[in-house]
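Asker: Numbering (the working numbering), first residue to last: 1 to 134.
The beta-carbon is built from N, C-alpha and C at its ideal position, and this holds for glycine as well.
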């Protein structure tokens, strides 16, 4: 049994559309080259970020042998269960904003995945991973 969690399909679309809107607004209203350059860099970053979501939408997979996580731009790393020290949900509050993230601790690295990475609440994913692992 393999379970997979992926980026919601609307997210890359929003990032790419945001890049287009940013570049169009900059082209229409930028009065100097510095503002145009900043908008260009920000638009390019949104395009790359959205393209990553299209290229590698599956951020986490779990099966009886271990978990597979996305590392770097679009590389996948399989981690056997023997190397997974802990799977937990980190809850944080900062400036009145609460956030949750799934943390997979392998001893040498901690892989952090948010709801936007998983397409599901991190607590649900942690429970599903525990079920696959057992």
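Using three-state DSSP, classify residue 80 as helix, strand or coil.
Answerer: Looking at residue 80 - three-state DSSP - the assignment turns out to be strand.
Asker: Could I get the ranges of all uninterrupted alpha helix (DSSP H) runs contained in the region 35 to 91, with 4 residues as the minimum, in chain order?
Answerer: Qualifying alpha helix (DSSP H) stretches: none in this window.
Asker: Between residue 103 and residue 45, what straight-line distance do the alpha-carbon atoms span, to the nearest angstrom?
Answerer: If you take the alpha carbons of residue 103 and residue 45, they lie about 26 angstroms apart.
Asker: CA-CA distance, residue 81 and residue 101?
Answerer: Computed Cα separation, rounded: 20 angstroms.
Asker: By Cβ distance, which residues of its chain are closer than 8 angstroms to residue 63, with the 5 residues on each side in sequence left out?
Answerer: Closer than 8 angstroms at Cβ, skipping near neighbours: 1, 2, 3, 132.
Asker: Might you give, ordered along the chain, the residues of its own chain that have their beta carbon closer than 7 angstroms to the beta carbon of residue 39, omitting 5 neighbours on each side?
Answerer: Contacts found: 22, 23, 26, 30.
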